[in-house]
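Trainee: Just so you know, the sequences run in chain order V and L. To convert a position in the first sequence, counted from 1, into our numbering, add 3. To convert a position in the second sequence, counted from 1, into our numbering, add 65. In this text, a Cβ means the ideal position worked out from N, Cα and C, and glycines have one as well. Let me begin by handing over the structure; questions about it come next.
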Amino acid sequence: MATNTRKGSTVPFWRDERYLQAIAQVIVVGGIAALGWWLIRNLLTGLESLGTPLNFRFLGQTAQFDIGESMISYTRNSPYVRAILVGLLNTIKVSSVGILFATLFGVIIGVARLSSNWLVNRLAAAYVELLRNIPLLVFLIFLSSTVFHKLPLVAEAASIGKWAFLTNRGIYVTWVHKAAGWSTYQWVLLAGLLISVVMSVLLIRQGRRTGRMPLWFLWALLSFIGVAVVGWFIIPATPLVPDIPTLQGRNFQGGISLTPEFMAIFSGLVIYTAAFIAEVVRAGIQAVSKGQREAAAALGLSNFMTLRLVVFPQAMRVIIPPLTSQYLNLTKNSSLAIAVGYPDLFAVGGTIVNQSGRAVEIILITMGVYLSFSLLTSLFMNWYNRHTQLVER
Amino acid sequence: MSRKLLIVLAVLILSVLVLGACASNTTADKPAEQTASEPAPQEQPATKSTLDVVKERGKIICGVNQAVPGFGFLQSDGSFAGFDIDFCKALSAAVFGDTSKVEYRPLNAKQRFTALQGGEIDVLIRNTTWTLTRDTELGANFAPTTFYDGQGITVRKDSGVNTLEDLAGGSICVAAGTTTELNLADQMAARGIDYTPVVFETADETTGAYLDGRCDAYTTDKSGLVARMSLFPNPEEHKILDETLSKEPLGPVVRQGDDQWFDIVKWVVFATFTGEEMNINSQNVDDAKANATDPNVRKLLGLEGDMGQKLGLSNDWAYNIIKMVGNYAEIYDRNLGPDTVFNLARGLNASWVDGGLLYAPPIR
Ligand SMILES: N[C@@H](CCC(=O)N[C@@H](CS)C(=O)NCC(=O)O)C(=O)O
Numbered sequence: 004m005a006t007n008t009r010k011g012s013t014v015p016f017w018r019d020e021r022y023l024q025a026i027a028q029v030i031v032v033g034g035i036a037a038l039g040w041w042l043i044r045n046l047l048t049g050l051e052s053l054g055t056p057l058n059f060r061f062l063g064q065t066a067q068f069d070i071g072e073s074m075i076s077y078t079r080n081s082p083y084v085r086a087i088l089v090g091l092l093n094t095i096k097v098s099s100v101g102i103l104f105a106t107l108f109g110v111i112i113g114v115a116r117l118s119s120n121w122l123v124n125r126l127a128a129a130y131v132e133l134l135r136n137i138p139l140l141v142f143l144i145f146l147s148s149t150v151f152h153k154l155p156l157v158a159e160a161a162s163i164g165k166w167a168f169l170t171n172r173g174i175y176v177t178w179v180h181k182a183a184g185w186s187t188y189q190w191v192l193l194a195g196l197l198i199s200v201v202m203s204v205l206l207i208r209q210g211r212r213t214g215r216m217p218l219w220f221l222w223a224l225l226s227f228i229g230v231a232v233v234g235w236f237i238i239p240a241t242p243l244v245p246d247i248p249t250l251q252g253r254n255f256q257g258g259i260s261l262t263p264e265f266m267a268i269f270s271g272l273v274i275y276t277a278a279f280i281a282e283v284v285r286a287g288i289q290a291v292s293k294g295q296r297e298a299a300a301a302l303g304l305s306n307f308m309t310l311r312l313v314v315f316p317q318a319m320r321v322i323i324p325p326l327t328s329q330y331l332n333l334t335k336n337s338s339l340a341i342a343v344g345y346p347d348l349f350a351v352g353g354t355i356v357n358q359s360g361r362a363v364e365i366i367l368i369t370m371g372v373y374l375s376f377s378l379l380t381s382l383f384m385n386w387y388n389r390h391t392q393l394v395e396r
Numbered sequence: 066m067s068r069k070l071l072i073v074l075a076v077l078i079l080s081v082l083v084l085g086a087c088a089s090n091t092t093a094d095k096p097a098e099q100t101a102s103e104p105a106p107q108e109q110p111a112t113k114s115t116l117d118v119v120k121e122r123g124k125i126i127c128g129v130n131q132a133v134p135g136f137g138f139l140q141s142d143g144s145f146a147g148f149d150i151d152f153c154k155a156l157s158a159a160v161f162g163d164t165s166k167v168e169y170r171p172l173n174a175k176q177r178f179t180a181l182q183g184g185e186i187d188v189l190i191r192n193t194t195w196t197l198t199r200d201t202e203l204g205a206n207f208a209p210t211t212f213y214d215g216q217g218i219t220v221r222k223d224s225g226v227n228t229l230e231d232l233a234g235g236s237i238c239v240a241a242g243t244t245t246e247l248n249l250a251d252q253m254a255a256r257g258i259d260y261t262p263v264v265f266e267t268a269d270e271t272t273g274a275y276l277d278g279r280c281d282a283y284t285t286d287k288s289g290l291v292a293r294m295s296l297f298p299n300p301e302e303h304k305i306l307d308e309t310l311s312k313e314p315l316g317p318v319v320r321q322g323d324d325q326w327f328d329i330v331k332w333v334v335f336a337t338f339t340g341e342e343m344n345i346n347s348q349n350v351d352d353a354k355a356n357a358t359d360p361n362v363r364k365l366l367g368l369e370g371d372m373g374q375k376l377g378l379s380n381d382w383a384y385n386i387i388k389m390v391g392n393y394a395e396i397y398d399r400n401l402g403p404d405t406v407f408n409l410a411r412g413l414n415a416s417w418v419d420g421g422l423l424y425a426p427p428i429r
């Protein structure tokens, strides 16, 4: 009966894979949409029947609780939204600095794993194997309770040359205060910056022309430092004075400080994620064919130059996609901060849920935030990936 | 294109359909989804009462503390003990005539209301403070207060701290999701004292950080302080400040929406109060039952008036509580009294007969 004899088609449509695939996709999408719709409706009616319909107005109410560390001004009188913002910024702080350092360590360890030096190579392998096989939560609690809380008491602070202090209340490092001369000095710094930018542009241009790239970055840096130093002595009033942490009452005051809670979650994330990044880097380097390296050696490039100019640019293409997932993991894993007492988004959200009863709303906000973080990171990395892919051929 | 892909797709479709089917089964017994969206309250099968659920299950799931000795503590042999635990047992005695029909679900401060709202537990008896917000927005209903408490502060004796003001510039360790986290913020703001809160999720982490010197002070309910200090390696090196920061009435909590279950939990507590008021305890309750002439005693012990049935229980509910667990005084003394390491004076927690706040409405 299936006499569907169009040009070249001998199979009936229900056995034509193209149709089948299309139909299957429609069914799957429809099914998922129905399931999602049912779940959402279930949630909304459930909340309705509990007498707490979805409502975000509570965010304007007074938070009533304090937060240990915050990058913006915050008190118990601030509204819940501000508390969420404090948590959000703390999450961003630990993840962004974490990603930076994890990448740095990861690359070093990944390269070390391929070193021909037996000891270096074995140490890197041991590091990777050890850390990849410990649950992160266990590692964080270990860091917090046996490392950072066991640092010296404030009264017995270990000092490093009188300008840095190590205690179990935090790490305090001397910083600078702006002083009388600052308003003039900031123009000096701006001038220095301008000079170094101009210098780099000129040097790079010259490098392109002659084919011999000078160490432009070094020159730019040196000129900036030069201007800054000369300016310092020319200006009559001192622009900056050191702000040395001193023990006042129960804690150190002054300088810049990092709390043990931040140190625990930060170092935990960095040390842990670096192990995974090291593997990604190693795989990327190994994916570059041996001939490339041999050719570079034949041209007389040093080991370092081979890595920098030949191996890395090609390895990047293999490295970036899995590296992106490591970045996403690090960001998401930062939600374990509550275990070590660091007030990240998830920890602050938990307190709000408990004090306001608005569990669903807070979970939705939290999920939304992590999702947008992840999507933004992916977006950026995909852009970067395309950028490096273009180099090919 | 390949056959594999088709198989994968087929499996996906099937699983979605199966999931969808399960899902619609649980929403309503009617197969047609459309009817469910119309408001049809009569068609909705009445949700089972907590009492029926508990009886069917054969045990009560009691949300408890596991980290506060004397109140709710997980002992080394795996059993739970404490003042709050005894009220779980009293509830079990009233419902089942047996104190062992309880499943204890240890919860930290932050988890407890979610567990209660979500139906994971039948009752929460875990040094939980009665507040307006919890009573309303958190969907909780509070049974009578079993322990009147207030928030205190523990410091090292050698710290030189004697008042809250002495803690200026210091750090204070506190557990997340507690009233004490809020009271602390309130008090410090009211007095204009600058401090850093260090917030952890569990009592172990909180006291651990305090003991390591991360904080100058540790704060929670005074009962909690006494209890946790009994676990410190050198309790004599620490002290509780005289100041009391707040009122912390602690008692059992149930979910809103089931009045019968709420009544049962309330009257179980009142039965322990009444036992003490009438001087009926686990030792003399059999005697009292055999010789009861006082109508009030007869009603309490189920000899007249069908008091138990009115709650949906058997008439010997209160007899079972007193016989198997004891009256309030016995529960208090067993866990917190002079023979324990805590030796907490009754204070506000004395019966009204002795000038305290415990007062049970008449069982009649
Ligand atoms: N009564 C207070 C809370 C009391 C409370 O939970 N205190 C902590 C003291 S650190 C506790 O018992 N924690 C036990 C645990 O974390 O398991 C309230 O209802 O919010």
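Determine the chain L residues that contact residue 96/V at a beta-carbon separation under 8 Å, and present them in chain order.
Mentor: The contacting residues do not exist; residue 96/V stays about 17 Å from chain L at best.
Trainee: Per DSSP, what kind of secondary structure is residue 256/V in: helix, strand or coil?
Mentor: strand
Trainee: Assuming residue 64/V and residue 82/V are in contact, meaning their beta carbons sit under 8 Å apart, how far apart are those beta carbons, in whole angstroms?
Mentor: Separation of the CB atoms of residue 64/V and residue 82/V is rounded to 6 Å, and the pair is thereby assigned contact status at 8 Å.
Trainee: Taking residue 286/V as the reference, which of 17/V, 391/V and 112/V has the closest Cα?
Mentor: Checking every option, the nearest Cα to that of residue 286/V belongs to 112/V.
Trainee: Here's the rule I'm using: 16 or more other beta-carbon atoms within 10 Å means buried, otherwise exposed. How should residue 143/V be labelled?
Mentor: Residue 143/V should be labelled buried.
Trainee: Tell me the rounded alpha-carbon separation between residue 348/V and residue 338/V.
Mentor: 7 Å
Trainee: When you compare the CB positions of residue 203/L and residue 178/L, do they come within less than 9 Å of one another, or not?
Mentor: yes
Trainee: Can you pull the chain L neighbours of residue 82/V, defined as C-beta to C-beta under 9 Å?
Mentor: For residue 82/V, no chain L residue has a C-beta closer than 9 Å to its own C-beta; the minimum C-beta separation is roughly 14 Å.
Trainee: Does the distance between the C-beta of residue 173/V and the nearest non-hydrogen atom of ligand 1 fall short of 8 Å?
Mentor: Every heavy atom of ligand 1 is 8 Å or more from the Cβ of residue 173/V, so no.
Trainee: Measure the C-alpha to C-alpha separation of residue 207/V and residue 121/V and round it to an integer number of angstroms.
Mentor: 39 Å
Trainee: What three-state label does DSSP hand residue 283/L in the structure shown?
Mentor: strand
Trainee: Just the Cα atoms here: how many angstroms apart are residue 283/V and residue 321/V?
Mentor: 8 Å
Trainee: Tell me whether the beta-carbon of residue 243/V lies closer than 9 Å to the beta-carbon of residue 188/V.
Mentor: Yes.
Trainee: So, is residue 429/L buried or exposed, given that buried needs 16 or more other C-beta atoms within 10 angstroms?
Mentor: exposed
Trainee: Name the chain L residues that come within less than 7 Å of residue 152/V, Cβ to Cβ?
Mentor: 274, 277 and 279
Trainee: Whose Cβ in chain V lies nearer than 9 Å to the Cβ of residue 310/L?
Mentor: In chain order: nothing, as chain V lies at least about 14 Å away.
Trainee: Are the CB atoms of residue 427/L and residue 380/L within a distance shorter than 9 Å?
Mentor: No.
Trainee: So if DSSP puts residue 152/L in a beta bridge, which residue, or which two residues, is it bridged to?
Mentor: In DSSP, residue 152/L forms no bridge with anything.
Trainee: Using the rule of at least 16 other Cβ atoms within 10 Å of the residue's Cβ for burial, across every protein chain shown, is residue 72/V buried or exposed?
Mentor: Burial call: buried.
Trainee: Between the C-alpha atoms of residue 334/V and residue 344/V, what's the straight-line distance to the nearest angstrom?
Mentor: Cα-Cα distance, rounded: 17 Å.
Trainee: Examine chain L for any beta-carbon lying closer than 9 Å to the beta-carbon of residue 89/V, and answer yes or no.
Mentor: no
Trainee: Alpha carbon to alpha carbon, how far is residue 146/V from residue 283/L?
Mentor: 21 Å
Trainee: Going residue by residue through the segment 210-258 of chain L, where are the continuous alpha helix (DSSP H) segments of at least 4 residues, counting only ones entirely within it?
Mentor: Taken in chain order, the whole alpha helix (DSSP H) runs of length 4 or more contained in the segment 210-258 of chain L are 244-256.
Trainee: For the segment 315-345 of chain V, list every residue whose C-beta sits within 9 Å of some C-beta in chain L, in sequence order.
Mentor: 341, 342, 343 and 344
Trainee: DSSP three-state call for residue 143/V: helix, strand or coil?
Mentor: helix
Trainee: For the beta strand (DSSP E) holding residue 82/V, just list the boundary residues, first then last.
Mentor: Unbroken run through residue 82/V: none, as it is neither H nor E.
Trainee: Hey, residue 268/V and residue 350/V are a contact pair by Cβ (cut 8 Å); roughly how many whole angstroms apart?
Mentor: Between residue 350/V and residue 268/V the Cβ distance is about 10 Å, and since that is not below 8 Å, they are no contact.
Trainee: Helix, strand or coil for residue 14/V? Go by DSSP, reduced to three states.
Mentor: coil
Trainee: Using CA coordinates, which residue listed in 199/V, 363/V and 259/V is at the minimum distance from residue 221/V?
Mentor: Sorting 199/V, 363/V and 259/V by C-alpha distance to the C-alpha of residue 221/V places 199/V at the top.
Trainee: Nearest chain L C-beta to residue 72/V closer than 9 Å, yes or no?
Mentor: yes
Trainee: Using a Cβ cut-off of 9 Å, pull out every chain V residue sitting near residue 234/L, in sequence order please.
Mentor: Identification of chain V residues near residue 234/L by a Cβ-Cβ cut-off of 9 Å yields 251, 252, 253, 254 and 256, ordered along the chain.
Trainee: Count the other CB atoms, across all protein chains shown, that sit within 10 Å of the CB of residue 195/L; report buried if there are 16 or more and exposed otherwise.
Mentor: The residue in question, residue 195/L, is buried, as its Cβ has 16 or more Cβ neighbours within 10 Å.
Trainee: I want to see whether chain V comes within less than 9 Å of residue 182/L, judged by CB atoms only; does it?
Mentor: Yes, contact with chain V.
Trainee: Measure from the alpha carbon of residue 183/L to the alpha carbon of each residue in 164/L, 157/L, 222/L and 126/L, then state which is nearest.
Mentor: Considering only 164/L, 157/L, 222/L and 126/L, the residue with the shortest C-alpha distance to residue 183/L is 126/L.
Trainee: Please name the residues in the segment 361-377 of chain V whose beta-carbon is closer than 7 Å to at least one beta-carbon of chain L, in chain order.
Mentor: Hits within the stretch, in order: 362.
Trainee: Would you say residue 343/L lies against chain V (beta-carbon separation less than 9 Å)?
Mentor: no
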